[in-house]
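Protein chains in written order, with this note's numbering: chain A, 984 to 1584; chain B, 6 to 428.
Even glycine gets a Cβ: it sits at the ideal position worked out from N, Cα and C.
Since we're looking at a predicted model, the values are computed, not measured.
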């Protein structure tokens, strides 16, 4: 399956008073298009930090993304992040983190173009993630006003007078008995004719007027927007498009620079079996227009020869590299190298060429800066902000009602005007899901979305997620500590322990035959209503001990102090995430073929 | 101020040495019931009896059966064992035998006390031991729950969730109680730690012959731990049975939904799942009749439909400006709920033709798939120029025994009484 998100070697650390804590230590993940990947592990295993790092929501400092690449939609989300926070070692205690405000600001601005529209997140505690002083509808509308601004502006510009069909719809809405059908008609009508749904509803309920009188009132409601609103809509739309293009350019440039590590992995025969047979890579140098690859003549030659020696690339080598790139399309490397247009042969190196950038246009750049300045100035004044943004907000209302209905909130109209505390936990979580879906993301990260809810409500939410998955075709990264929920929902499971992925398997294989001793322990300690051979009342199998303190993780395999199969090597050497069989990965010395003489579990 | 009956007319007996589980969603009153049993809250009505000899228990049960409802005059027998009628001081001497373990080990331990003080406090407060003895007993107890003596001189924040829950259990056990109220003891913990705590609780019960009341929403834990289960919904017990019987043969529709809602940790098994529509109604104004009827998939005509269940639809259905089928009626002015009747007031006094029109509308609606609430309308009558829709008087199903020790409160089961017309 073609991956939509490729995470490689993600490392996130925090400085604490007791030292440097590496919460995520080299995580590799692939999420396929439309796939549900579950991440499980005990609390304190780094599941949430992984998710927050992907969204770039780690508070820096005390946090810091120390390394790794996150490829999403052709760009590396972490490109340039090494500049964001600098580390200054101190003679005593943990190193000091010095944030660079300008870099952080630019990185966040770039991420704002991906968050919501590309990937979004549902948080664990709905009550603490909704703003208690704002109405629910406004909070969802705000998301749409930010993420789908161009669409909203288009709709403001397309307002028109009523047609005969609109009038018919309105008549239907008056006579229908089913409140749900009525809501649906009103939503459709207000979307088509650019009307405010609440005003349409008020007219429908105005039973003192005859139906014809109500239609006349509706005619007056419709019509072209004011001139100022049209100007503002055009302005916003243009600014948004410019901003998007600006960020995309910047991001592409940074991502190309960070392709070096990806290229090293691509030609590493241990990590990529397709690269076997190619000469070893000596060095990589990322340039503006191309990535230059220098090869060594043979693996035996030492590094000292690199400078003068090196392989003079032949036409065959060029073709082989081209083939390698072609065959890896559709896989994780395909995602990373999607930007490469052609493979060329230089004098000393093979060049992976990128498309030429459009020439720098000072006029356009000035126009953009001017517009951005004007926008910021106008929004400084609250009264202006209210006046200008109100039509946009009203436009968003129709979208909000659609979203609330999509997540199956009954009486969406009523909920729109309510405050979060007036909703139950399940309804609040639905609102959060609606907000996450507002930008029509390709990937939704759900961080324990049902942990704070009752079983029956959890069943409702899980059913909703399954249903949504079919309808919107988004990939879901589902984080939970409940293996039963994983079994219910996901296609593939990644098991995390102490900041590392220890097993990554399709869900059916994992539950049929868990490989890693930690996964086995987790599965055995589940208390289930469908009890296996276990007699009720007999002691449950447990994993002895607790998750280690990440300030001071155990040597070698981090699970070895709790593992019943641990042997000498586990204490000394850290296991790599290897594939004992296709589709499955496990980080355990028991499955390392070179050490096949050890006892298997 | 509105009154909330968090727990309403609950009968529950817990025998010595057994584990009774109380399950239900949040807000159903299970925690309130647990606190009532320990007299952490005073009941508005009713008694909690404690330490009844077996033969007396049979007599008390007989008494309850014969004059139930006469709560004002408790017999001497009830008075003798009643805990709710004890004075403060006598109650205090009982407290050491009745101990709670709360859900969140992060908030139930005093962050400023050392573990040794936390463990010694129940003994000192209850005057069981001198300070010196208390520390020794506390240290011994701590080892019994699987922690070491070196942990005595630490503060609660230095422990993980599982360890803290062990400390909370040790604190409850140190005064040698007979009864533990376990209020969601493992819901804040990870699966692997949950298994450790459950094993510990079972161990202790076997060694010391304790009685547990296990309050939880996790049915898997119930299956593993409990001898008998009571399922609560909106302050009432809707089903009560031995654990094996309840899981093999759940009777109440709510229990069925609850059981089917638990995710199964096996991707190859796909089970039919009952998704309950809507949410738990507010206990301030619970549905009449069977409290579950508004969400029940097997609902019957006499389950307790009342005028408020159709009030909103009525404003659409009987309004000529909304519903073309009602065109020959005059303008609908008001819809009033009056006891078991819904009164429709029109602009002009209603006539017999109007009544017949409304009756036809009710009939048509009753034939639709979700028309059960309209089928509960007994009669459409004229009342002083208004049209009255008369409902059955809602009655709550009683908790009846349908098979050996399996009690259920639902009209679907033949043993339960079906209400007749209002008297």
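Near chain B, meaning a CB-to-CB distance below 8 Å, the residues of the segment 1006-1028 of chain A are 1025, 1026. Within chain B, the residues whose beta carbon sits less than 9 Å from that of residue 1409 of chain A are 284, listed in sequence order. The C-beta distance from residue 998 of chain A to residue 1080 of chain A rounds to 6 Å, short enough to fall under 8 Å. Secondary structure at residue 333 of chain B: coil, using DSSP grouped into helix, strand and coil. The segment 225-237 of chain B makes contact with the segment 22-34 of chain B, as at least three CB pairs between them are under 8 Å. Less than 8 Å separates the beta-carbon of residue 1262 of chain A from that of residue 1279 of chain A. For residue 1443 of chain A, the C-beta contacts it makes with chain B under 8 Å involve 280, 281, in order along the chain. The Cβ atoms of residue 331 of chain B and residue 325 of chain B sit closer than 8 Å to each other. For residue 338 of chain B, the three-state secondary structure derived from DSSP is strand.
Contact note: residue 1491 of chain A reaches chain B through 272, 273, using a C-beta cutoff of 9 Å and chain order. Per DSSP, residue 998 of chain A is one residue of the beta strand (DSSP E) stretching across 986-999.
A:1105 is the residue among A:1089, A:1105, A:993 whose C-alpha sits nearest the C-alpha of residue 1427 of chain A. In chain order, 195, 196 make up the part of chain B whose C-beta sits under 8 Å from the C-beta of residue 1464 of chain A. Inter-segment contact for the segment 198-205 of chain B and the segment 1552-1559 of chain A is absent: fewer than three beta-carbon pairs are separated by less than 8 Å. Not flagged as an interface residue toward chain A: residue 287 of chain B, since no C-beta distance is shorter than 8 Å. Remark: C-beta atoms of residue 415 of chain B and residue 238 of chain B do not approach each other more closely than 8 Å. Taking the C-beta atoms as reference points, residue 1222 of chain A is found no nearer than 8 Å to residue 1098 of chain A.
By the rule that beta-carbons nearer than 8 Å mark a contact, residue 229 of chain B touches chain A.
Boundaries of the beta strand (DSSP E) harbouring residue 241 of chain B: 241-247, taken from the DSSP string. Taking a Cβ-Cβ cut-off of 9 Å, the neighbours of residue 324 of chain B in chain A comprise 1190, given in sequence order. Secondary structure of residue 1254 of chain A (DSSP, three-state): coil. DSSP, read as helix, strand or coil, puts residue 351 of chain B in strand.
In this structure, residue 81 of chain B sits away from residue 1464 of chain A, with a CB-CB distance that is not shorter than 8 Å. Burial check for residue 1215 of chain A: the Cβ neighbour count within 10 Å reaches 16 or more, so the residue is buried. Classified as exposed, residue 361 of chain B has fewer than 16 neighbouring CB atoms from the shown chains inside 10 Å of its CB. Residue 1123 of chain A is positioned such that its CB atom lies closer than 8 Å to that of residue 1421 of chain A. For residue 1181 of chain A, the enclosing alpha helix (DSSP H) has its first and last residue at 1180-1188. Within the segment 1422-1446 of chain A, the residues whose Cβ lies closer than 8 Å to some Cβ of chain B are 1437, 1438, 1439, 1440, 1441, 1442, 1443, 1445, 1446, listed in chain order.
Secondary structure at residue 1277 of chain A: strand, using DSSP grouped into helix, strand and coil. With a contact defined as Cβ atoms closer than 8 Å, residue 1385 of chain A and residue 1170 of chain A qualify at about 6 Å. The Cβ of residue 1033 of chain A sits no closer than 8 Å to any Cβ of chain B.
With a beta-carbon spacing of about 20 Å, residue 1523 of chain A and residue 1548 of chain A fall beyond the 8 Å limit used to define contacts. Residue 1411 of chain A and residue 1404 of chain A have their C-alpha atoms roughly 9 Å apart. Chain order gives the chain B residues near residue 1157 of chain A as 326, 327, where near means a beta carbon separation below 8 Å.
Residue 1522 of chain A has a beta carbon lying within less than 8 Å of a beta carbon in chain B. Considering only A:1005, A:1025, A:1020, the residue with the shortest C-alpha distance to residue 1046 of chain A is A:1005.
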